[in-house]
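Asks: Going by UniProt numbering, the sequence shown opens with residue 1, and the numbers climb by one from there.
Got a structure for you, questions after.
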Amino acid sequence: MIRLYHSVIQPPQHVKCCTVGKFTGTSNPDYDEIAVSLGTYISIYAQIQMEQDIMKQIVNEPMYSHIYNLATLSLPKSEKDYLVVMSDAANIVIFDLHGCKFNAIVSLPYGRTGLRRMEPGYYLAVSPCGRAILASAIEKFKLAWTVTKNNENLPTVSAPLENSRNKTFVYSTVALDVGYEVPKFACIEVHFKQPQDEPERTFNPKTEPKYLTFYQLDTNINFLVRCGKKDDEIPLPPTSSLLVSVPGPLFDYPGGVLVCSTGHLQYFDNNGQLKDECDLPQRENEENSIIITSAVFCSSNGWLILLQNQFGDLLFTKIQKQCKIQIQYFDTVQIATSLTITNQGTLCVFGEEYSNSFYYITESCEDVEEGFVEKTFSPNTENTKIEYFEGHEIKNRLTKLITAPSFRGSQLGDIISIHGSFNKSSLKITRKGMPTKVLKPIEIGGGCTFVKAVKKDPLNEYDTFIFVSNESTTRIFEFFEETRELKDSKESLFVTDKKTIDVFFLPAFNNTSSLAQITTEGMRIINDKEKHDWKRDESSKIICVTANPSQIAIVYDDNQIVLFETDETSLPKEVSSNKVMEIAGQITSIALPQPQTGVRYVEWLAVSAVNDGLSIVYIVNISKTTEMWSVSSRQILDKTVISMMFLFVPGIGNILHIGHNEGLLTRTNLDDSNGSLDNATLKFLGNAPVTFSRCEVKNQNSILINCASPWYTKGLSLVQLSSSPFVSCCQYKAPFFIDDSFIGLTTNNMVLFYTPDKNILIDTQTLDLDMTPRQIVHIPNTKFVCVLMSDLIKGKWKSQAKLVNYDELISSEPLQLDDNLLVSAACYLENYNLVAVCVAKNLSFFPKRCDGGQVLLLDIGSGIPKVVQSTDFDDIPQAIAPFGEYVILGVQETLMVLKVGRTKLLKKCCSKAFPHCINYLKAFGTRIIAGDAMESFHFVKFDKEEDILSIFADDMVPRHPLSAIGLDRSTVCCGDKFGSFCILRLPPDINDDAEIDPSDVGHAFENEKFPGAKNKVELSNMYHIGSPITGLCLSQGDFENTSIVYGTVDGEIGLFIPLKTDTDARLFRLLEDEMKKLIKSPVGRFIEQFRSYYTPLKCVNDSNLLLSYIDLPTNLQKEIAEKLKVKPFDLSRLLAKVDSSI
1 MIRLYHSVIQ PPQHVKCCTV GKFTGTSNPD YDEIAVSLGT YISIYAQIQM
51 EQDIMKQIVN EPMYSHIYNL ATLSLPKSEK DYLVVMSDAA NIVIFDLHGC
101 KFNAIVSLPY GRTGLRRMEP GYYLAVSPCG RAILASAIEK FKLAWTVTKN
151 NENLPTVSAP LENSRNKTFV YSTVALDVGY EVPKFACIEV HFKQPQDEPE
201 RTFNPKTEPK YLTFYQLDTN INFLVRCGKK DDEIPLPPTS SLLVSVPGPL
251 FDYPGGVLVC STGHLQYFDN NGQLKDECDL PQRENEENSI IITSAVFCSS
301 NGWLILLQNQ FGDLLFTKIQ KQCKIQIQYF DTVQIATSLT ITNQGTLCVF
351 GEEYSNSFYY ITESCEDVEE GFVEKTFSPN TENTKIEYFE GHEIKNRLTK
401 LITAPSFRGS QLGDIISIHG SFNKSSLKIT RKGMPTKVLK PIEIGGGCTF
451 VKAVKKDPLN EYDTFIFVSN ESTTRIFEFF EETRELKDSK ESLFVTDKKT
501 IDVFFLPAFN NTSSLAQITT EGMRIINDKE KHDWKRDESS KIICVTANPS
551 QIAIVYDDNQ IVLFETDETS LPKEVSSNKV MEIAGQITSI ALPQPQTGVR
601 YVEWLAVSAV NDGLSIVYIV NISKTTEMWS VSSRQILDKT VISMMFLFVP
651 GIGNILHIGH NEGLLTRTNL DDSNGSLDNA TLKFLGNAPV TFSRCEVKNQ
701 NSILINCASP WYTKGLSLVQ LSSSPFVSCC QYKAPFFIDD SFIGLTTNNM
751 VLFYTPDKNI LIDTQTLDLD MTPRQIVHIP NTKFVCVLMS DLIKGKWKSQ
801 AKLVNYDELI SSEPLQLDDN LLVSAACYLE NYNLVAVCVA KNLSFFPKRC
851 DGGQVLLLDI GSGIPKVVQS TDFDDIPQAI APFGEYVILG VQETLMVLKV
901 GRTKLLKKCC SKAFPHCINY LKAFGTRIIA GDAMESFHFV KFDKEEDILS
951 IFADDMVPRH PLSAIGLDRS TVCCGDKFGS FCILRLPPDI NDDAEIDPSD
1001 VGHAFENEKF PGAKNKVELS NMYHIGSPIT GLCLSQGDFE NTSIVYGTVD
1051 GEIGLFIPLK TDTDARLFRL LEDEMKKLIK SPVGRFIEQF RSYYTPLKCV
1101 NDSNLLLSYI DLPTNLQKEI AEKLKVKPFD LSRLLAKVDS SI
């Protein structure tokens, strides 16, 4: 049974709710923090004031639970705020943020775990004075807690106080500002109780009367009481849906609550008296405004409320001294799921789709008469009263996901996903790799193969010279501080008429240092503005070179190796010149290890040769001994080596990095005591040669690896940079760059680029779309995908298809399909080079009606889609797939086998034995895997001679798949609408020799108690992710490195990586068991219980738990490793190996 390793590439992006506070306790008044719930994660954003304000994510931690709601708890005379969180763990949790960790100072259980509408927490309100917390369920129950301080001045809560009311539904809950009086709360409720003397009626949320109900937390009787009697409840319009608390006596303001309903606004004071009401401003010639979210700003200098309607319009609202409502149009932003205003006056708009945006509020609406109510308005085309300063693009509303071969070196492939709806839709390309930003390229001409940046003096902070070389000359650029430009250097000490192989500094001894330039003819040493040349003879050429701080080794084309050592003046002196007799092939690369502390000269040299593998040579100074160089160890390599480099990793030693011409990277450890090599690992980096150069990342020595895209080492891990391929690249430290910057050579240009944020390890590019994308199909062996879009416009469906070059993000002219067609499914028919598109004709939902469906065949050979064939069907086709020379089609509960004819598809056979609606099809030979929208998967055999389809196996569990992918003819992977991932597999003793049943229904009557096929699939793997899985596909790596890529509707993207050996699987399972003892869910839920939400967890490891081992203290690492009977290094290496294989 296969075991999987789960890794998250991108956490969820959809913000459910947010709150503002000073959670880290900073005393800086210009520093604000926003806590946001991402479903199963909680993030903290900080607004940091610099030359230009930035909104930075400082914490993002998984909760292993579904977060209901969160709120800020502010205690009197406290400079620090606390975060109150309610979740399906059924615990009320109060977090104290320490650094980047959530510390639960209160975690008190109150109910049953799970997503239940009767468990309090869906609505959460905290009194402004910090004395009470109220949590409401959707139905019936409400719980309240009193908040006090303990001896350490930390908040603590009482036992929960309950107030339950049968047949009651809650629509909104807020805490009222009543100063330091008895804490008070308000709710919008519906009381649905069937009178005994009336006939049974259906609950209609649009017409049921709603009431405004007040609750008090009476600390005298220690009970949550409902204010007034039943007859005193305040009736509200049936469309009331949102309450907004008005700042009150705590800040010397009016207090009370606003009730928002469709097109109407009411204001009640804290005693429930209606003080004023008015109509909401609405757009000209548009329907009434519906308030969907709100934001309240309150300080000692003033207050305001912003209400957002369904169009994104912000309505400025205040309550004047005479308890009159002032409301008018303010500005327009994108539609938000949550709004908030920071203490600095920054408006944070967490978008329902597309992006999160942050604005300065530059103007208010104070200069109008009291009680002014605007009736209608025209929305602004540009923001006038708010100023945009930053935005974070999100991948929310992910509807489908595929992978395609990457042309930028990503082994995983390019993840192509479609998002959003209407004109806010987009196609996004996600690549594994740290995002890079490119400055203006410098044209240098073609043919250059080498680039290296060096300082003018080792003590300088920034690099001065850039060496660029082709096959015959070297060009040197210099950065001039006065003009802040890169120009050709006028320095005359360098060699410019030869090809430069390498250039580097030899460290200073006695305040002297030397710069070495190695060309094909020899070596030039520049010391104290003097040049010293060394060369052998005119007939031999230098082919490769290596160096460490005290030694230089040069190889000539006749395999002669010359070794230099530096003295106190940092001038290299030749100490040896040898040919290693055991190495017969042509040497292609050499590498010297990095000396450890207290060691000046190393004794080993790595040498690779054609058809002779890798050799570790023992080198000694033959001026002091008569011994010749000898090979101490060998390693056979199947691929050609073109470059090598050692990196010293503290605690581990020298690791030899070996670059192959075929894009492979081999890493192996050198034992300094005997020169042996062990622990070799292999990784494919891309379809390009692998070369190395040294760099520094966060003041740590590292190696910059150039392949199809740049990489750099981070200890044992590898970090990929997302950029276009380079011929050569190196690090460049310059004053006009932010942090780490690099130079890359392309065909004709020298490109300067840098990494703006090292915490982001994926790069995303976006192509905006005009309509809602429904399907996406990759065209094999090309850079194109076909995007199919549909929208309901003025009562009619409009659909179009277009080709998109996903590498360059360029789209073709769209093909407009006939009116009233809605795209439902699509696939690529490789045998015909056509894209098959399933559409519904004249579909309406209210009332539900459809005139059948069609299958369109699109020719994409010309670069613009063109309809070449159309076939009508009686119902909507919702699944289609190639089947050799045939096409298989799912039309509701019917499975059809069709043949492509000249003018339309011809039906060969069909089966109506499926329970509900076929939404997935995949063929392997004569076997078909069919997914049903409500009844999991069925395995079908096609008898080609008799033209009969027979179901021979199905699933006993009624799963609801949203996405699926067939792994092989016996295995299918499924992601369902409840957020669970599973793999189903046929038992090995089952074959498809089912009894043929031409009627398709015989098996249903053989046993009425157990309907379905005779054979059942087995559950191989199960794992709960937490959000509906809308996309599943395979990565683009080779067969041995194939992973399962998934995407959720909340924008989470991750991988399931198969572990290759039973030993690794066993070790990971035992390590995860140990980590579960140390790491708990911050909200108090058992991690394994969350991962087993609907079905028990099976054969999947969680990378968040496993990688936490690396961050443990050394003594804990050793203790766990001893329990597992392995070395700590072996565990770390294995984790890094699996994680870097992504």
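Cβ atoms here follow ideal geometry from the backbone N, Cα and C, with glycine treated the same way.
1) Mind checking which residues open and close the alpha helix (DSSP H) that includes residue 1065?
2) Comparing C-alpha positions only, which one of 1089, 920, 1065 sits nearest to residue 1135?
3) So what does residue 548 bridge to, in DSSP terms?
4) For residue 100, count neighbouring C-beta atoms within 10 Å of its own C-beta (all shown protein chains included) and say buried if the count is 16 or more, exposed if not.
5) Rounded to whole angstroms, what is the Cα-Cα separation between residue 796 and residue 394?
6) Given this structure, state the Cα-to-Cα distance separating residue 807 from residue 155, to the nearest angstrom.
7) For residue 580, collect the residues of the same chain with a Cβ closer than 6 Å to its Cβ; drop the 5 residues on either side in sequence, then sort them by chain order.
8) Give me the Cα-Cα distance between residue 620 and residue 564, rounded to the nearest whole angstrom.
9) Among residues of its own chain, excluding the 5 on either side of residue 386, which ones have a beta-carbon nearer than 7 Å to its beta-carbon?
10) Starting from residue 1121, trace the alpha helix (DSSP H) both ways and give me its first and last residue.
11) Roughly how many angstroms lie between the CA atoms of residue 462 and residue 698, to the nearest whole one?
12) Measure the CB-CB distance between residue 434 and residue 1081 and report whether it falls below 8 Å.
13) Between the alpha carbons of residue 911 and residue 931, how many angstroms are there, rounded?
14) What do you reckon, are the CB atoms on residue 1159 and residue 922 nearer than 8 Å?
15) Could you check which residue in 1092, 1071, 1095, 1075 has the C-alpha nearest to that of residue 1130?
16) Give the straight-line distance between the Cα atoms of residue 1008 and residue 875, rounded to the nearest whole angstrom.
17) Ordered along the chain, which non-local residues of its own chain (more than five positions away) have a Cβ less than 6 Å from that of residue 316?
18) Just to confirm, is the Cβ distance from residue 788 to residue 775 under 8 Å?
19) In the DSSP assignment, the alpha helix (DSSP H) including residue 619 goes from what residue to what residue?
20) Since residue 660 and residue 636 should fall inside the 8 Å C-beta cutoff, what is the C-beta to C-beta distance between them, to a whole number of angstroms?
21) Rounded to whole angstroms, what is the Cα-Cα separation between residue 305 and residue 294?
22) For residue 558, which residues in the same chain have their Cβ closer than 7 Å to its Cβ, ignoring the five residues on either side in sequence?
23) Expressed to the nearest angstrom, what Euclidean distance is found between the alpha-carbon atoms of residue 657 and residue 593?
24) According to DSSP, is residue 761 helix, strand or coil?
25) Pull up the CB-CB distance for residue 927 and residue 939, whole angstroms please, since I reckon it's below 8 Å.
26) Three-state secondary structure (DSSP) at residue 913?
27) Determine the contact status of residue 88 and residue 110, defining contact as a CB-CB distance below 8 Å.
28) Just checking, does the segment 723–737 make contact with the segment 432–452 on the three C-beta pairs under 8 Å criterion?
29) Residue 270: buried (16+ other C-beta within 10 angstroms of its C-beta) or exposed?
30) Tell me the rounded alpha-carbon separation between residue 6 and residue 1132.
31) Using C-beta distances below 6 Å, list every residue in its chain close to residue 1123, excluding the 5 sequence neighbours before and after it, in chain order.
32) Helix, strand or coil for residue 726? Go by DSSP, reduced to three states.
33) Give the list of continuous beta strand (DSSP E) stretches no shorter than 3 residues that lie fully inside the segment 782–847.
34) Cα separation between residue 399 and residue 668?
35) In whole angstroms, what separates the C-alpha of residue 583 from that of residue 609?
36) For residue 1126 and residue 719, what's the separation of their Cα atoms in angstroms?
Replies: Quick answer:
1) Residue 1065 sits at position 1065 when you count from the first residue of the sequence shown. Its alpha helix (DSSP H) spans residues 1062–1078.
2) As a position in the sequence shown, residue 1135 is number 1135, starting the count at 1. Closest option to residue 1135, Cα to Cα, is 1065.
3) Start at 1 with the first residue of the sequence shown, and residue 548 comes out as number 548. DSSP lists 551 as partners of residue 548.
4) In the sequence shown, counting from the first residue as 1, residue 100 sits at position 100. Exposed, since its Cβ has fewer than 16 Cβ neighbours within 10 Å.
5) Start at 1 with the first residue of the sequence shown, and residue 796 comes out as number 796. Start at 1 with the first residue of the sequence shown, and residue 394 comes out as number 394. Roughly 30 Å separates the two Cα atoms.
6) Against the sequence shown, residue 807 aligns to sequence position 807. Against the sequence shown, residue 155 aligns to sequence position 155. Going by the C-alpha atoms only, they are around 54 Å apart.
7) Within the sequence shown, residue 580 is the residue found at index 580, counting from 1. Answer for residue 580: 617, 629, listed in chain order.
8) Looking up residue 620 in the sequence shown gives position 620. Looking up residue 564 in the sequence shown gives position 564. If I take the Cα positions, the gap works out to 11 Å.
9) The sequence position of residue 386 within the sequence shown is 386, counting from 1. Cβ neighbours of residue 386 beyond the five flanking positions: 331, 347, 359, 360, 361, 362.
10) In the sequence shown, residue 1121 corresponds to position 1121, counting from 1. Residue 1121 -> alpha helix (DSSP H) spans 1114–1124.
11) Position 462 of the sequence shown, counted from the first residue, corresponds to residue 462. Position 698 of the sequence shown, counted from the first residue, corresponds to residue 698. Those two C-alpha atoms are separated by around 15 Å.
12) Position 434 of the sequence shown, counted from the first residue, corresponds to residue 434. Position 1081 of the sequence shown, counted from the first residue, corresponds to residue 1081. Their beta carbons are not under 8 Å apart, which means residue 434 does not touch residue 1081 by this criterion.
13) In the sequence shown, counting from the first residue as 1, residue 911 sits at position 911. In the sequence shown, counting from the first residue as 1, residue 931 sits at position 931. Distance between the alpha carbons of residue 911 and residue 931 is about 14 Å.
14) Examination of residue 1159 is not possible in this model, given that the chain is present from 1 through 1142 alone.
15) Within the sequence shown, numbered from 1, the residue matching residue 1130 stands at position 1130. If we check each option's Cα against that of residue 1130, 1071 comes out closest.
16) Residue mapping note: residue 1008 aligns to position 1008 of the sequence shown, counting from 1. Residue mapping note: residue 875 aligns to position 875 of the sequence shown, counting from 1. Any reading at residue 1008 must be qualified, since the residue scores a pLDDT of 49, below 50, and its modelled position is unreliable; the value itself is stated next. About 29 Å.
17) Within the sequence shown, the letter at position 316 stands for residue 316. Contacts found: 328, 330, 365.
18) Working through the sequence shown from its first residue, we reach residue 788 at position 788. Working through the sequence shown from its first residue, we reach residue 775 at position 775. In contact: residue 788 and residue 775 (Cβ atoms closer than 8 Å).
19) Indexing the sequence shown from 1 puts residue 619 at position 619. Segment: none, residue 619 is in no alpha helix (DSSP H) and carries neither H nor E.
20) Within the sequence shown, residue 660 is the residue found at index 660, counting from 1. Within the sequence shown, residue 636 is the residue found at index 636, counting from 1. Not a contact, Cβ separation roughly 13 Å.
21) Taking the sequence shown and counting its residues from 1, the one referred to as residue 305 is at position 305. Taking the sequence shown and counting its residues from 1, the one referred to as residue 294 is at position 294. Approximately 7 Å, taken between the alpha carbons.
22) Numbered from its first residue, the sequence shown carries residue 558 at position 558. For residue 558, where only same-chain residues beyond five positions count, the Cβ hits under 7 Å are 540.
23) Numbered from its first residue, the sequence shown carries residue 657 at position 657. Numbered from its first residue, the sequence shown carries residue 593 at position 593. Looking at the two C-alpha atoms, the distance is approximately 11 Å.
24) As a first step, residue 761 is located in the sequence shown; it is residue number 761 there, counting from the start. Residue 761: coil per DSSP, three-state reduction.
25) Locating residue 927 in the sequence shown gives position 927, counting from the first residue. Locating residue 939 in the sequence shown gives position 939, counting from the first residue. Rounded, the Cβ-Cβ distance is 7 Å, consistent with contact.
26) By one-based count along the sequence shown, residue 913 stands at place 913. Correct three-state label for residue 913: coil.
27) Reading the sequence shown from its first residue, position 88 is the one you call residue 88. Reading the sequence shown from its first residue, position 110 is the one you call residue 110. Going by C-beta atoms, residue 88 is not nearer than 8 Å to residue 110.
28) yes
29) In the sequence shown, residue 270 corresponds to position 270, counting from 1. Buried is the call here.
30) Translated into the one-based positions of the sequence shown, residue 6 becomes position 6. Translated into the one-based positions of the sequence shown, residue 1132 becomes position 1132. Rounded to the nearest angstrom, the two C-alpha atoms are 17 Å apart.
31) Residue numbering aside, residue 1123 sits at position 1123 when the sequence shown is read from its first letter. Cβ within range, chain order: n/a, list empty.
32) Taking the first residue of the sequence shown as position 1, residue 726 is located at position 726. Coil, per DSSP.
33) 784–793, 796–805, 821–829, 834–841
34) In the sequence shown, counting from the first residue as 1, residue 399 sits at position 399. In the sequence shown, counting from the first residue as 1, residue 668 sits at position 668. Near 43 Å, if we compare the C-alpha coordinates of residue 668 and residue 399.
35) For this step, residue 583 is matched to residue 583 along the sequence shown. For this step, residue 609 is matched to residue 609 along the sequence shown. Whole-angstrom Cα-Cα distance: 7 Å.
36) For the purposes of this step, residue 1126 is taken as residue 1126 along the sequence shown, with counting starting at 1. For the purposes of this step, residue 719 is taken as residue 719 along the sequence shown, with counting starting at 1. Going by the C-alpha atoms only, they are around 27 Å apart.
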